[in-house]
Structure formats: structure tokens, C-alpha cells
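Just below is one structure, and these are the notes that go with it.
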Amino acid sequence: MFIFKVNGQELGDLLIINNIDFGFSPSISTTSKKYALADGERFIRRRFGKRVIKVKFTLLGDRIEKSKIALQRALLVPGLSRFEFGYQPGVYYEGIVAGTTDYNLITFRYSEGSFEIHCFNPFAISKTEKAARRESNKLIFNNEGTAPVYPIYKFTAGKAYKMISFTHPNGKVVQYGYENGPAVINTNDLVVFDSAENKLTVNGERKYINAASQVFSIQPGITEVAILGDDNKIPVVEATFKERWI
Numbered sequence: 000m001f002i003f004k005v006n007g008q009e010l011g012d013l014l015i016i017n018n019i020d021f022g023f024s025p026s027i028s029t030t031s032k033k034y035a036l037a038d039g040e041r042f043i044r045r046r047f048g049k050r051v052i053k054v055k056f057t058l059l060g061d062r063i064e065k066s067k068i069a070l071q072r073a074l075l076v077p078g079l080s081r082f083e084f085g086y087q088p089g090v091y092y093e094g095i096v097a098g099t100t101d102y103n104l105i106t107f108r109y110s111e112g113s114f115e116i117h118c119f120n121p122f123a124i125s126k127t128e129k130a131a132r133r134e135s136n137k138l139i140f141n142n143e144g145t146a147p148v149y150p151i152y153k154f155t156a157g158k159a160y161k162m163i164s165f166t167h168p169n170g171k172v173v174q175y176g177y178e179n180g181p182a183v184i185n186t187n188d189l190v191v192f193d194s195a196e197n198k199l200t201v202n203g204e205r206k207y208i209n210a211a212s213q214v215f216s217i218q219p220g221i222t223e224v225a226i227l228g229d230d231n232k233i234p235v236v237e238a239t240f241k242e243r244w245i
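Straight run, no breaks: the sequence shown in numbering that gives the first Met the number 0 ends on number 245.
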């Protein structure tokens, strides 16, 4: 039996998987700019669009209509679903069933069909969460995936802070508060910054980072992010992330 789970439910006992086409990569678009005088163009960046996973399957047995209905109920749920495939035990995909589907009843005991999984987050996501290593005023990330990640930063304040900032080696900075301003974080406050959503909360209440902030990702490889508080007081920050693969 080929292991195929949707939202934790094993569907391998309902259908036989004949083929799964993941594609070599998600859809890719590029941005470039033509040179004013020289031939050719200057590459600026590459962006990944959604991934479409195509699944072909077979239903067998005396109750294939009930199996089809059970399969539809599992696949066509509202919102995003989590898809797991047996040959990739350490990762999962997030997506919905959309696009082209078909279903052919060959006999009353045998049918074939197909469906597409559209992953708007196009990467395979690790089931295991990793933590950055703390060293002095730095967080050291070791991203062993093949795609950038957006960590969640979290700390409980041991004192009041007027500001807190995270600085990437490329110069991008995320900052909340100002060094010469009033305290924006009090002792024992729980501060969480979700860089994927560009969302900072203090004790669960949404706060807004400074307008000049530039949110950054952590690229594959090793990256050191510097942490700074006012008066050079540095909170003990934990940062967690899940590696992703193209």
C-alpha cells in the first residue's frame, strides 16, 4: 500500500496510486531589465509560483462508489489541507484540490481517475522544527533546505525595553520601538515576531514594527542575525523554523 495521508487521514486503503507528478520545480517567473546600450538583459530575481501535483489513481472492489465518495470527502474540504506521501516521510505539502479532475468507471468493480493538488506554498515543508543557535548577541541559522525560510522569533522580556531589533548581514533590519523613545516592552512580556506574516505581538496583542523595517528571509546555508536592545541590553531570543525544499 502506498502511504497517502490528507490531514492525518490515511487514504491508501481507499485507492491505488498509479502515478504522482510533482514536477521538477514549482512554476518559475523571472524579473529582468534591459540594458540601455548593451545587448541582453540584467537578471534581477527569480520567483516561485504555485506547485501543481498531479495524482492518478485506481479504485477496485465491490464498493467503489462509496470509496469515491469517501475520497471526495477527504480531499474536498474547506481551506488548506496537509498532504503526505509515503516516499517522502519527512515532509508534507500544503494545498487544495483544484484544477482538472477526471473519473472513469471502467466496470462496476474498477475505475480510474485523477486530481490535482495546487500548493500555493510551493515547497515541501519539513515535519521537524529546527532552532537557531544562540551565540552572544547573535542567532545562527543553519538552513539545510533548498528554499528560504521565515523564522518565528520569541522571547520573554527580563526587563523593560524601548526597542528591539533584528539585523541581517545584508543590512535589512526589523525594529520595534526607538532607542530614545518610551518603553514598548515591559518586564515579563511575551514577544513573538512571525517573519512569514510580518506580524509582531506582545502578550498576544498585535503591534506594528517600525515603518522603515525590512523583513528578511533566511536563505539556505548559515546566516547570522544580530539582536540588539536599548542600552546594549540583549534579550534571550529563541528562533524556530521549518526547512523547505523546492
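Yeah, the Cβ is synthetic: ideal placement off N, Cα and C, and Gly gets one too.
Backbone secondary structure at residue 233 - three-state DSSP: Within the sequence shown, the letter at position 234 stands for residue 233. Residue 233: coil per DSSP, three-state reduction.
Residues bridged to residue 33 [DSSP beta-bridge criterion]: Residue mapping note: residue 33 aligns to position 34 of the sequence shown, counting from 1. DSSP lists 40 as partners of residue 33.
Three-way DSSP call (helix, strand, coil) for residue 135 in this model: In the sequence shown, the residue the question calls residue 135 occupies position 136. Here residue 135 sits in coil by DSSP.
Nearest-angstrom beta carbon gap, residue 113 and residue 56 [assumed within contact, 8 Å]: Mapped onto the sequence shown, residue 56 falls at position 57. Mapped onto the sequence shown, residue 113 falls at position 114. Between residue 113 and residue 56 the Cβ distance is about 7 Å, and since that is below 8 Å, they are a contact.
For residue 37 and residue 127, the rounded distance between their alpha carbons: In the sequence shown, residue 127 corresponds to position 128, counting from 1. In the sequence shown, residue 37 corresponds to position 38, counting from 1. Between residue 127 and residue 37, the C-alpha separation is close to 48 Å.
Validate contact between the region 215–235 and the region 157–173 using beta carbons, cut 8 Å, 3 pairs: Output reads yes: the region 157–173 touches the region 215–235.
C-beta contact flag for residue 194 and residue 172 at 9 Å: In the sequence shown, residue 194 corresponds to position 195, counting from 1. In the sequence shown, residue 172 corresponds to position 173, counting from 1. Contact flag unset, no.
C-beta contact flag for residue 161 and residue 178 at 9 Å: Reading the sequence shown from its first residue, position 162 is the one you call residue 161. Reading the sequence shown from its first residue, position 179 is the one you call residue 178. Cβ atoms of residue 161 and residue 178: closer than 9 Å.
Length of the line joining the Cα atoms of residue 18 and residue 219: Your numbering for residue 18 matches position 19 in the sequence shown. Your numbering for residue 219 matches position 220 in the sequence shown. Counting only the Cα atoms, residue 219 lies some 30 Å from residue 18.
CB contact flag (residue 122, residue 47, <9 Å): Numbered from its first residue, the sequence shown carries residue 122 at position 123. Numbered from its first residue, the sequence shown carries residue 47 at position 48. Contact annotation: residue 122 and residue 47 have beta-carbon atoms nearer than 9 Å.
When 205, 84, 63 and 175 are compared against residue 110, the one with the closest alpha-carbon: Position 111 of the sequence shown, counted from the first residue, corresponds to residue 110. Of the candidates 205, 84, 63 and 175, the one whose C-alpha sits nearest the C-alpha of residue 110 is 63.
Helix, strand or coil at residue 227 [DSSP, three-state]: The residue you call residue 227 lines up with position 228 of the sequence shown. Strand.
Where the alpha helix (DSSP H) containing residue 71 begins and where it ends: The sequence position of residue 71 within the sequence shown is 72, counting from 1. Here the alpha helix (DSSP H) through residue 71 covers 63–74.
Identity of the residue in 232, 230, 186 and 176 nearest residue 212 by Cα: Sequence index remark: in the sequence shown, residue 212 carries index 213 (1-based). Among 232, 230, 186 and 176, the Cα nearest to that of residue 212 is on 176.
Beta-carbon contacts of residue 201 that lie in its chain and below 6 Å, excluding the five residues immediately before and after: Position 202 of the sequence shown, counted from the first residue, corresponds to residue 201. 188 and 190, listed in sequence order.
Identity of the residues DSSP links to residue 47 by a beta bridge: Sequence index remark: in the sequence shown, residue 47 carries index 48 (1-based). In the DSSP secondary-structure assignment, residue 47 is bridged to 27.
Pair within 9 Å by beta-carbon distance, residue 92 and residue 50: Taking the sequence shown and counting its residues from 1, one reaches residue 92 at position 93. Taking the sequence shown and counting its residues from 1, one reaches residue 50 at position 51. For residue 92 and residue 50, yes; Cβs fall inside 9 Å.
Nearest candidate by alpha-carbon position, reference residue 29, set 142, 41, 22 and 204: Taking the first residue of the sequence shown as 1, we reach residue 29 at position 30. The candidate whose alpha carbon is nearest that of residue 29 is 41.
Sequence-distant residues of the same chain with beta carbon closer than 7 Å to residue 117, five excluded per side: On the sequence shown, position 118 is the one that residue 117 refers to. Take residue 117, set aside five residues on each side of it, and the residues of its chain with a beta-carbon closer than 7 Å to its own are 49, 51, 94, 95, 97 and 98, in chain order.
Separation of residue 3 from residue 54, as counted between CA atoms: Along the sequence shown, one-based indexing puts residue 54 at 55. Along the sequence shown, one-based indexing puts residue 3 at 4. Going from the Cα of residue 54 to the Cα of residue 3 covers about 11 Å.
Residue 130 classed as buried or exposed, judged by whether at least 16 other C-beta atoms fall within 10 angstroms: The residue you call residue 130 lines up with position 131 of the sequence shown. Exposed is the call here.
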